[in-house]
Amino acid sequence: MKYFTIKPPEHLAAYVRFFWVLEGEASFAQPYIHRSMADGCAELIFHYTGIFDELVDERSTERSFSSGLAGQSQQFRRFLIKQNFGIFGVYLYPFAVSQLFSVPGVEAKNQMIDLKTLLGTGANELEEKMMLAIDNKLRIKIITEFLTRRLFRVKKQPPGVFEAIKYIIQTNGTTRVEDLANQNFQSTRQFERNFKQFSGFSPKLFSRIIRFQTALGEYNNKGKSLTEIAYACGYYDQSHFIQDFKEFSGLNPKAYFSGKTEGTEWRDS
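Mind the numbering: the sequence shown is residues 12 to 280 in our numbering, read in order.
Written out as structure tokens, the structure reads:
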């Protein structure tokens with residue numbers, strides 16, 4: 012399995028955190044199950060080889076989209092594929108969804124929106140270009156040109172809100188909401204209302220999800236104990252860490268960090 016990320020051009024960096032590619036092999040004899048975790052950021056996703064089915068439960072599946080938007084989420088999902096696959100992703104700040112696609116954060120959260128619903132008549136052309144591109148270098152060029160055109164539709168940023176969202180991400184979800192409200196010269200209630208409009212979540216829930224994502228990033232630090240990971244990521248105690256981890260991933264952190272559960276293969280690549 013192969014996974015790698017690419018920095019976006021500077022003019023897109025205010026909205027795009029990075030591009031990513033995931034490629035792997037699978038078959039009927041050896042299917043691959045991918046587990047997406049809770050995430051405060053959204054993703055544009057293009058399956059250029061193979062299409063996953065979403066596992067509704069252990070006995071039934073639903074066909075996932077070939078391309079679309081995975082909104083910021085507080086839950087995990089499981090996907091199954093029985094053939095080789097290739098996926099190109101655009102990892103977006105949560106407010107990019109409303110700015111670039113006119114979809115409020117509260118409407119995008121926990122949703123999988125297919126490209127046609129998201130873009131309307133322009134979806135087929137973009138999807139076809141991304142699917143037929145000869146390599147990921149060309150896909151980067153195609154999606155960069157597309158997003159650059161969308162930038163012309165961007166409305167003026169609400170003062171402070173976007174920077175507050177970025178700051179929570181940069182500080183790994185350890186910033187106090189009251190401090191952010193004060194920095195933006197707003198009451199806590201007003202700040203929370205504005206924040207939720209663009210992130211989809213309250214500042215406290217968003218911070219919990221970002222802190223969880225920070226913990227996921229410790230996967231390759233095999234020398235750390237769960238307690239060390241918990242404290243390093245801003246959790247008050249290990250029980251709090253385990254509780255959040257189970258809620259947002261469906262897994263016990265001990266099992267996840269062992270590398271023996273589904274959905275960790277790409278982190279080993």
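Glycine is no exception: its CB is placed at the ideal position from the N, C-alpha and C atoms.
1. How far does the alpha helix (DSSP H) with residue 78 in it extend, from its first residue to its last?
2. Hey, could you find the ends of the beta strand (DSSP E) residue 225 is sitting in?
3. Would you tell me roughly how many angstroms separate the C-alpha atoms of residue 268 and residue 233, rounded to the nearest one?
4. Spell out the partners DSSP gives residue 45 in its beta bridges.
5. According to DSSP, simplified to helix, strand and coil, what is residue 123?
6. Helix, strand or coil for residue 273, going by three-state DSSP, please let me know.
7. Let's see if you can read the secondary structure: which residues bound the alpha helix (DSSP H) around residue 175?
8. So, helix, strand or coil for residue 235, using DSSP?
9. Residues in its own chain within less than 8 angstroms of residue 100 by CB, not counting five upstream and five downstream?
10. So, at 6 angstroms on beta carbons, what are the nonlocal neighbours of residue 76 in its own chain, with the 5 sequence-adjacent residues on each side left out?
11. Where residue 123 and residue 65 are concerned, what is the direct C-alpha to C-alpha distance, given to the nearest angstrom?
12. I'd like to know if the region 227–243 and the region 96–113 are in contact, where contact means that at least 3 CB-CB pairs between them fall below 8 angstroms.
13. Thinking residue 261 and residue 184 are a contact (beta carbons under 8 angstroms), I'd like their distance in whole angstroms, please.
14. How is the beta strand (DSSP E) around residue 101 delimited, first residue to last?
15. Are the region 20–28 and the region 73–88 touching by the rule of at least three beta carbon pairs closer than 8 angstroms?
16. Looking at C-beta atoms only, is the number of pairs between the region 80–87 and the region 186–200 that lie closer than 8 angstroms three or more?
17. What's the gap between the Cα of residue 40 and the Cα of residue 68?
18. Is it true that the CB of residue 59 sits closer than 7 angstroms to the CB of residue 35?
19. Within the continuous beta strand (DSSP E) that includes residue 74, where are the two ends?
20. Given a threshold of 16 other Cβ atoms within 10 Å of its Cβ, counted over all protein chains shown, does residue 105 qualify as buried or as exposed?
21. Straight-line CA distance for residue 120 to residue 216?
22. Given a cut-off of 7 angstroms on the beta-carbon distance, is the pair residue 117 and residue 228 in contact?
23. Beta-carbon separation of residue 221 and residue 49 under 7 angstroms?
24. Pick helix, strand or coil for residue 26, following the three-state DSSP scheme.
Inspection of the coordinates gives the following:
1. Element bounds for residue 78: not the alpha helix (DSSP H) but the beta strand (DSSP E), 78–81.
2. Note, residue 225: premise wrong, no beta strand (DSSP E); alpha helix (DSSP H) at 214–227.
3. Residue 268 and residue 233: Cα-Cα distance of roughly 8 angstroms.
4. Bridge partners of residue 45: 90.
5. In the structure shown, residue 123 sits in a strand (DSSP, three-state: E or B).
6. Coil at residue 273, not helix or strand.
7. Residue range 172–181 is occupied by the alpha helix (DSSP H) that includes residue 175.
8. Judged by DSSP in its simplified three-state form, residue 235 adopts coil rather than helix or strand.
9. The residues are 30, 31, 32, 33, 54, 55, 56 and 57.
10. Its chain contains 125 as the residues whose beta carbon lies nearer than 6 angstroms to that of residue 76, once the 5 sequence neighbours on both sides are disregarded; these appear in chain order.
11. Spanning the two alpha carbons is a distance of roughly 11 angstroms.
12. No, the region 227–243 is not in contact with the region 96–113.
13. At roughly 20 angstroms, the Cβ-Cβ gap does not stay under 8 angstroms, so residue 261 and residue 184 are not in contact.
14. Counting along the chain, the beta strand (DSSP E) containing residue 101 begins and ends at 96–103.
15. Put simply, the region 20–28 does not touch the region 73–88. Fewer than three CB pairs are less than 8 angstroms apart.
16. At 8 angstroms Cβ cutoff, the stretches do not touch.
17. Just so you know, the alpha carbons of residue 40 and residue 68 end up roughly 20 angstroms apart.
18. Contact check for residue 35 against residue 59 fails: the beta carbons are separated by 7 angstroms or more.
19. Annotation: the continuous beta strand (DSSP E) that includes residue 74 extends over 72–74.
20. Under a 10 Å Cβ-count criterion, residue 105 is classified as buried, with 16 or more other Cβ atoms of the shown protein chains found around its own Cβ.
21. Cα-Cα distance, rounded: 12 angstroms.
22. Residue 228 is positioned such that its CB atom lies no closer than 7 angstroms to that of residue 117.
23. Residue 49 is positioned such that its CB atom lies no closer than 7 angstroms to that of residue 221.
24. Three-state result, residue 26: coil.
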